[in-house]
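A.B. asks:
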Amino acid sequence: MNREEIKRLLEDIKNEKISLEEGISEIENLPYKDIGYALVDNHRELRVGYPEVIYCAGKTVEQVVGIVEYMLKKECNILATRADEKIYDAVLNLCSDAKYNKHGRIITIKRKEIDIPNSFIAVVTAGTSDIPVAEEAAATAEFFGNKVERIFDVGVAGIHRLFGKLEIIKNAKVVVVVAGMEGALASVVAGLIDKPVIAVPTSVGYGANFGGLSALLTMLNSCSSGVSVVNIDNGFGAGYLASMINKL
Numbered sequence: 487m488n489r490e491e492i493k494r495l496l497e498d499i500k501n502e503k504i505s506l507e508e509g510i511s512e513i514e515n516l517p518y519k520d521i522g523y524a525l526v527d528n529h530r531e532l533r534v535g536y537p538e539v540i541y542c543a544g545k546t547v548e549q550v551v552g553i554v555e556y557m558l559k560k561e562c563n564i565l566a567t568r569a570d571e572k573i574y575d576a577v578l579n580l581c582s583d584a585k586y587n588k589h590g591r592i593i594t595i596k597r598k599e600i601d602i603p604n605s606f607i608a609v610v611t612a613g614t615s616d617i618p619v620a621e622e623a624a625a626t627a628e629f630f631g632n633k634v635e636r637i638f639d640v641g642v643a644g645i646h647r648l649f650g651k652l653e654i655i656k657n658a659k660v661v662v663v664v665a666g667m668e669g670a671l672a673s674v675v676a677g678l679i680d681k682p683v684i685a686v687p688t689s690v691g692y693g694a695n696f697g698g699l700s701a702l703l704t705m706l707n708s709c710s711s712g713v714s715v716v717n718i719d720n721g722f723g724a725g726y727l728a729s730m731i732n733k734l
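Going by the numbering used here, the first residue of the sequence shown is number 487, and it counts up by one from there.
#1: Which residues mark the beginning and the end of the beta strand (DSSP E) in which residue 642 is found?
#2: Is the distance from the Cβ of residue 660 to the Cβ of residue 675 below 9 Å?
#3: Using the C-alpha atoms, what's the distance from residue 645 back to residue 630?
#4: Of the residues 669, 497, 516 and 532, which one's Cα is nearest the Cα of residue 468?
#5: Can you tell me whether DSSP reads residue 575 as helix, strand or coil?
#6: What is the C-beta distance between residue 574 and residue 526, in whole angstroms, given that I count them as a contact (C-beta under 8 Å)?
#7: Judging by CA-CA distance, which residue of 498, 707 and 666 is the nearest neighbour of residue 616?
#8: Under 6 Å Cβ to Cβ from residue 549, same chain only, skipping five residues before and after it: list those, please.
#9: Could you spell out where the beta strand (DSSP E) holding residue 687 opens and where it closes?
#10: Taking residue 713 and residue 686 to be in contact with their CB atoms under 8 Å, please state how far apart those CB atoms are, rounded to whole angstroms.
#11: Consult DSSP for residue 525 and reduce its assignment to one of helix, strand or coil.
#12: Identify which residue in 657, 706 and 633 has its Cα closest to the Cα of residue 725.
#13: What does DSSP give as the partner residues of residue 594 in its beta bridges?
#14: In this structure, how does DSSP classify residue 512 when only helix, strand and coil are distinguished?
#15: Under 6 Å Cβ to Cβ from residue 576, same chain only, skipping five residues before and after it: list those, please.
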């Protein structure tokens with residue numbers, strides 16, 4: 487429940503459109519609801535502007551479905567990350583309009599319209615192998631009401647490919663750069679544009695990549711200014727932060 491919804495509820499009670507008891511029923515589960523295995527945060531959107539997100543990894547199918555079912559009763563927009571197809575099938579049985587981004591492993595359900603700014607977010611990858619993490623970022627940003635331009639496979643091994651897409655990247659309000667291996671692309675992009683860059687290291691690479699650690703350290707030690715770094719493979723975190731910046 488967000489600020490506008492609370493305002494409408496109080497006005498409905500005041501104007502006797504709903505009874506006092508109906509109003510109490512609406513707010514009795516604030517600020518959270520205990521459903522046994524999860525405390526669903528009903529006040530998240532009110533506090534930070536974005537509703538609670540379901541992280542599916544480590545949860546059973548039944549637990550995810552239970553959380554989704556409760557949130558649907560509250561008419562919430564729902565974003566579930568790290569969801570496999572088994573979880574999606576179960577959610578789809580519950581809600582026929584649930585959408586699934588297979589590459590990003592993201593489930594989305596829309597119940598409320600979100601204002602979309604004119605500015606856009608660019609999501610850029612070094613290689614095709616980085617697309618799953620990039621799609622997690624892009625799908626997250628789109629869910630929260632942003633236009634996203636996807637620019638894939640423009641890494642430093644063929645730097646001329648980046649220059650062919652540079653005008654699009656320059657016009658973005660914020661840029662998410664997703665790269666594995668040595669992770670150099672974020673520094674290169676940041677050195678060419680006057681926009682904030684959110685760098686996402688991925689676990690793509692061979693032995694000395696150390697599961698994304700080499701890319702993470704490269705990005706943290708970037709010589710280019712204006713680079714912030716999220717955790718390895720954390721496309722969601724990048725998409726969330728990019729949305730916040732795009733809506734400033």
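Backbone N, C-alpha and C define an ideal beta-carbon position, used for all residues, glycine too.
C.D. replies: Looking at the coordinates:
#1: Premise fails: residue 642 is in no beta strand (DSSP E) and is neither H nor E.
#2: no
#3: 31 Å
#4: It is not possible to answer for residue 468, since the shown part of the chain is limited to 487 through 734.
#5: helix
#6: 20 Å between Cβ atoms; not a contact.
#7: 666
#8: 523
#9: 683–687
#10: Wrong, their Cβ atoms sit about 11 Å apart, outside the cutoff.
#11: strand
#12: 633
#13: 565 and 585
#14: helix
#15: 547 and 551
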